[in-house]
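Remarks on the structure that follows.
Number of protein chains: 2
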Amino acid sequence: MELGKVYARRLQSLRIDNIIVYDTDEFIRGKVMDSIKQIAERCADRSHSTPDFVAATLREAIVSGAIAPGSVIRQDTVAAEIDVSKIPVREALSRLEAEGLVQFQRNRGAEVAPVSIAQMRELFAMRERLECLALEYSIPNLTKPDFVRARAVIKQAKRSSDPVELCRFNHDFHEILYSGAADGLLRDTIRRLMTLAERYIRIHLRMTGMSARTNAEHKELIRLARDRDIDGAGELMTVHLAKAAQRLARHFEKQGFSPAG
Amino acid sequence: MELGKVYARRLQSLRIDNIIVYDTDEFIRGKVMDSIKQIAERCADRSHSTPDFVAATLREAIVSGAIAPGSVIRQDTVAAEIDVSKIPVREALSRLEAEGLVQFQRNRGAEVAPVSIAQMRELFAMRERLECLALEYSIPNLTKPDFVRARAVIKQAKRSSDPVELCRFNHDFHEILYSGAADGLLRDTIRRLMTLAERYIRIHLRMTGMSARTNAEHKELIRLARDRDIDGAGELMTVHLAKAAQRLARHFEKQGFSPAG
DNA sequence: TGACATAGAATAGTATACGATTATACTTCG
DNA sequence: CGAAGTATAATCGTATACTATTCTATGTCA
Chain P
36 MELGKVYARR
46 LQSLRIDNII
56 VYDTDEFIRG
66 KVMDSIKQIA
76 ERCADRSHST
86 PDFVAATLRE
96 AIVSGAIAPG
106 SVIRQDTVAA
116 EIDVSKIPVR
126 EALSRLEAEG
136 LVQFQRNRGA
146 EVAPVSIAQM
156 RELFAMRERL
166 ECLALEYSIP
176 NLTKPDFVRA
186 RAVIKQAKRS
196 SDPVELCRFN
206 HDFHEILYSG
216 AADGLLRDTI
226 RRLMTLAERY
236 IRIHLRMTGM
246 SARTNAEHKE
256 LIRLARDRDI
266 DGAGELMTVH
276 LAKAAQRLAR
286 HFEKQGFSPA
296 G
Chain E
36 MELGKVYARR
46 LQSLRIDNII
56 VYDTDEFIRG
66 KVMDSIKQIA
76 ERCADRSHST
86 PDFVAATLRE
96 AIVSGAIAPG
106 SVIRQDTVAA
116 EIDVSKIPVR
126 EALSRLEAEG
136 LVQFQRNRGA
146 EVAPVSIAQM
156 RELFAMRERL
166 ECLALEYSIP
176 NLTKPDFVRA
186 RAVIKQAKRS
196 SDPVELCRFN
206 HDFHEILYSG
216 AADGLLRDTI
226 RRLMTLAERY
236 IRIHLRMTGM
246 SARTNAEHKE
256 LIRLARDRDI
266 DGAGELMTVH
276 LAKAAQRLAR
286 HFEKQGFSPA
296 G
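As they're listed, the protein sequences go chains P and E. Here the first sequence is numbered in our numbering, starting from 36 and rising by one per residue. Here the second sequence is numbered in our numbering, starting from 36 and rising by one per residue.
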């Protein structure tokens with residue numbers, strides 16, 4: 036399949052500097068579009084607009100690694116596959132570009148944004164700063180039900196081993212933790228960064244699962260939040276994220292930026 | 036003109052909570068589209084794609100206040116005015132939505148995002164955190180030519196009194212300061228935040244001009260950067276931005292969220 | 001044989017056209 | 001006279017169709 040060819044050509048350049056290459060087995064076997072169709076069906080929540088739906092589908096496809104970094108997304112192909120015209124596809128791609136998941140090359144279409152250890156570090160550094168800020172805004176306004184929900188999420192995470200699910204629980208947990216802050220620019224930005232981070236986290240989780248320490252840290256975060264200890268929670272969040280970034284970096288460095296599926 | 040009517044109707048709701056209302060004289064007189072045409076001519080750098088061009092035009096129109104917060108952007112009108120079809124206009128609006136400058140209401144078009152003191156504070160708090168981080172990345176890599184350029188920008192700012200120009204100089208200054216950092220997610224996010232901040236800064240500058248203290252602080256920032264004093268620069272940046280936010284908040288609170296042109 | 005030019009195919013980007021939704025003005029009824 | 005309902009106009013959203021650009025494969029010349 037064509038996409039496989041494109042990717043095969045890019046494989047070398049992807050190895051050049053600091054780039055992580057996904058497990059491309061499925062990709063090269065040409066199952067990409069099949070999986071996109073499947074993802075589309077899962078995302079087919081018609082409460083949203085068509086571009087929302089397309090964007091959700093492609094976002095999941097990129098984050099999950101179904102479409103490999105560096106590969107080109109053919110607008111016609113996607114449009115045909117999920118049975119819409121090119122216009123909503125283009126709008127979806129526009130959004131994904133703003134989210135940092137794809138990059139348009141003029142008259143040459145949209146490429147899936149590359150992944151790199153450097154970017155991953157940058158990402159987590161930004162999260163440290165912004166999520167501490169979010170804690171400052173949020174903690175004073177958190178209520179009992181929030182803590183209850185957060186603990187429930189942790190429990191679910193303990194029971195699960197599916198990386199996709201675990202990522203969602205991780206998302207949910209952080210989301211609850213910041214739900215005391217107004218839903219504005221800050222939380223939006225954090226969400227965007229978490230989505231980008233997921234591209235790295237999922238690979239790692241697929242290998243190791245969610246560590247017990249992560250769950251312990253999450254629990255401790257709740258305790259500190261409940262005690263309204265903003266400084267303490269901020270410090271723990273900082274090390275929590277720093278450690279996560281460090282773990283990921285070690286993982287990918289050890290793998291030599293090679294297939295990590 | 037229709038847009039004027041729309042805005043007139045929204046005027047009351049805009050006053051409800053924490054909202055700053057622009058001077059809408061020109062707007063109500065129906066000069067909006069004229070000014071958009073003018074802005075378009077200024078933005079007509081054909082090195083970019085059509086949606087880029089449209090986005091740049093609308094961005095400037097929104098940031099400058101030519102299109103007031105809360106008003107609805109009619110796709111057909113914009114398309115006709117700058118002589119393109121609706122599709123690139125919609126793509127441009129998609130991007131502006133991602134940037135936080137407009138909000139789509141399904142089947143009702145795109146509204147210019149509201150402005151509020153609360154958002155302004157959030158904005159500057161985020162900038163504090165992220166720009167300090169950028170300083171950490173950048174300062175070790177800054178070179179003599181960077182400092183020279185930064186000083187040149189300050190000199191230009193001293194001579195100018197046009198708020199648009201002053202904002203650009205401010206932009207340029209910060210951009211140079213972070214140019215030692217790789218041009219990735221962090222700098223992109225900062226740029227986005229600076230653009231949003233401009234909506235507030237321009238109004239303020241129109242009243243007061245660039246304060247001498249701002250220029251002094253900029254100079255001091257360069258000195259600290261040259262001495263590779265990351266902590267010092269970070270601290271100064273924090274107070275620099277905090278003070279700016281405080282000035283703006285006082286200004287808009289005094290104005291009682293009323294016209295500030 | 002290999003670099004370069006050229007024709008054709010594939011694809012991105014945009015305009016036009018149309019169906020669906022929402023706003024507006026008018027009419028009708030209580 | 002005001003509220004509700006209906007008809008009409010305006011506008012959004014998307015599919016279709018066309019143009020311009022880029023990619024690819026074939027052929028030509030050094």
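Here a beta-carbon is modelled for each residue, glycine too, at the ideal position from N, C-alpha and C.
query                                                                                                        : result
Own chain, CB closer than 7 Å to LEU259(P), minus 5 neighbours either side, in chain order                   : GLY267, ALA268 and LEU271
Assigned exposure category for GLU288(P) - 16 Cβ within 10 Å defines buried                                  : exposed
Residues that GLU126(P) contacts on chain E, provided the C-beta gap is smaller than 8 Å                     : ARG125, GLU126 and SER129
Cβ-based contacts, 8 Å cut-off: residues of the segment 144–159 of chain P near chain E                      : ALA153, GLN154, GLU157 and LEU158
Contact set between ILE297(E) and chain P, taken where Cβ atoms lie within less than 7 Å                     : Nothing in the structure corresponds to residue 297(E), since chain E is present only between 36 and 296.
ILE257(E) versus ILE236(E) - alpha carbon distance                                                           : 22 Å
Cα-Cα separation, ILE51(E) to ILE74(P)                                                                       : Residue confidence is low: ILE51(E) scores 32 on pLDDT, short of 50, so the model does not pin down where it sits. No coordinate-derived value is stated.
Within chain P, the residues that THR224(E) reaches when beta carbons sit closer than 8 Å                    : MET161 and THR224
Helix, strand or coil at ASP60(P) according to DSSP, with G and I counted as helix                           : Model confidence at ASP60(P) stands at a pLDDT of 38, short of 50, so the residue's coordinates are unreliable; what they give is reported in the following sentence. In this structure, ASP60(P) counts as helix in the three-state DSSP scheme.
Cβ-Cβ distance between SER195(P) and PHE204(P) below 9 Å                                                     : yes
Burial state of VAL274(E) (16 or more Cβ within 10 Å)                                                        : exposed
Beta carbon proximity, GLU134(P) to chain E, threshold 9 Å                                                   : yes
Within 8 Å of chain P by C-beta, residues of the segment 193–221 of chain E in sequence order                : ALA217, GLY219, LEU220 and LEU221
Nearest-angstrom Cβ-Cβ length linking ALA192(P) and VAL147(P), presumed shorter than 8 Å                     : With 8 Å as the limit, ALA192(P) and VAL147(P) do not qualify as a contact, their Cβ atoms being about 28 Å apart.
Same chain only: Cβ atoms within 7 Å of VAL124(P), ignoring 5 sequence neighbours per side                   : VAL89, GLN110, VAL113 and ALA114
Residues sharing a beta bridge with GLY144(E), DSSP                                                          : GLN140(E)
Three-state class that DSSP yields for VAL150(E) in the structure shown                                      : coil
Whole-number beta carbon distance between ALA232(P) and PHE159(P), since they are thought to touch under 8 Å : 7 Å
Nearest neighbour of PRO180(E), chosen from ARG222(E), ARG261(E) and GLU95(E) [CA to CA]                     : ARG261(E)
C-beta contact flag for ALA284(E) and THR249(E) at 9 Å                                                       : no
Cβ neighbours of GLU126(E) in the same chain (closer than 6 Å, five flanking residues each side left out)    : PRO86
C-beta atoms of LEU240(E) and GLU163(E) nearer than 9 Å                                                      : no
Nearest-angstrom Cα separation, counted from THR178(P) out to ARG222(E)                                      : 35 Å
Cβ pair ARG234(E), VAL107(E) closer than 9 Å                                                                 : no
C-alpha distance - GLN138(P) paired with GLU132(P), whole-angstrom precision                                 : 6 Å
Neighbouring residues, chain E, relative to SER84(P) (Cβ below 7 Å)                                          : ARG141
For ILE211(E): DSSP bridge partner residues                                                                  : For ILE211(E), which the question treats as bridged, DSSP gives no partner whatsoever.
8 Å CB neighbourhood of SER214(P) in its chain, flanking five on each side removed                           : SER173, LEU177 and ASP181
Inter-residue Cα distance where the pair is LEU128(P) and ALA96(P)                                           : 12 Å
Residues near GLN290(P) by beta carbon distance below 7 Å, same chain, minus five either side                : none
As assigned by DSSP and simplified to three states, the class of VAL107(E)                                   : strand
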